[in-house]
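Colleague: Before I ask anything, here is the structure I am working with.
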Ligand code: SAH
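In the working numbering, the protein residues as written are 1393 to 1611.
What follows is the structure, given as structure tokens:
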């Protein structure tokens, strides 16, 4: 049985009511974007019926699309107003970038695996998400050309906060990143204000590895 767009919309609204609101996701912009973006288009056909479940899903090449709650939590943590230029490291399926594109002015997203980036681009184009720019590269070096960024989001876990990202963050600016070992990490919110950096942990998480010059050295 194939599901219709309206069926998916119903399940997507239920996802927001059952998985996000009860877990303290309250930012209206985040909730609106989560209600709007068709998450099922960011996974392969065989997984579409599971796209709105309370879990991450495989997207190929050993990578995953994050659980809806984690996507919402990271988005909300950035306290976005709408005018921001934001840098994402780890495009993956493109879902997180799509959510951000509904809230921010411009999304710059960097992915190191070409097949994933090509697929994500196809979905952005089909949905006419024109404010997302993509780049194939090691994102631990940031994307110097368009700095500074009002916000930065890293959707893979590294051993530390990559220094180039801190340097490319605007003042004031916010950055979320999972930091820890290869298996488990703290999701950290790093804030820059008046030249000062502060950090707090908002959740314990399990992300795929951030691989690169300022991440883990190999897969
Ligand atoms: N935001 C994604 C999550 C994908 S998983 C989504 O919504 O689907 C994390 C992604 O980070 C993977 O695709 C992985 O290839 C990528 N990644 C890991 N290290 C990276 C690096 N140094 N630069 C860019 N992308 C990286």
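Beta carbons: idealized from backbone N, C-alpha and C, even for Gly. All figures in this text were calculated on a predicted structure; none of them were measured in a lab.
(1) Return the CA-CA distance between residue 1582 and residue 1483, expressed in angstroms with no decimal places.
(2) Hey, would you say residue 1540 sits closer than 9 angstroms to residue 1567, going by beta carbons?
(3) For residue 1404, collect the residues of the same chain with a Cβ closer than 6 angstroms to its Cβ; drop the 5 residues on either side in sequence, then sort them by chain order.
(4) For residue 1421, which three-state DSSP category applies?
(5) Hey, is residue 1573 close to the ligand SAH, as in C-beta under 8 angstroms from one of its heavy atoms?
(6) Cα-Cα, which of 1465, 1503, 1504 and 1507 is closest to residue 1491?
(7) So does the segment 1578 to 1592 actually touch the segment 1502 to 1512, counting three or more Cβ pairs closer than 8 angstroms?
(8) Relative to the C-alpha of residue 1570, which candidate in 1469, 1473 and 1487 has its C-alpha closest?
(9) For residue 1599 and residue 1394, what's the separation of their Cα atoms in angstroms?
Modeller: According to the structure data:
(1) 20 angstroms
(2) no
(3) 1444
(4) helix
(5) no
(6) 1465
(7) no
(8) 1469
(9) 31 angstroms
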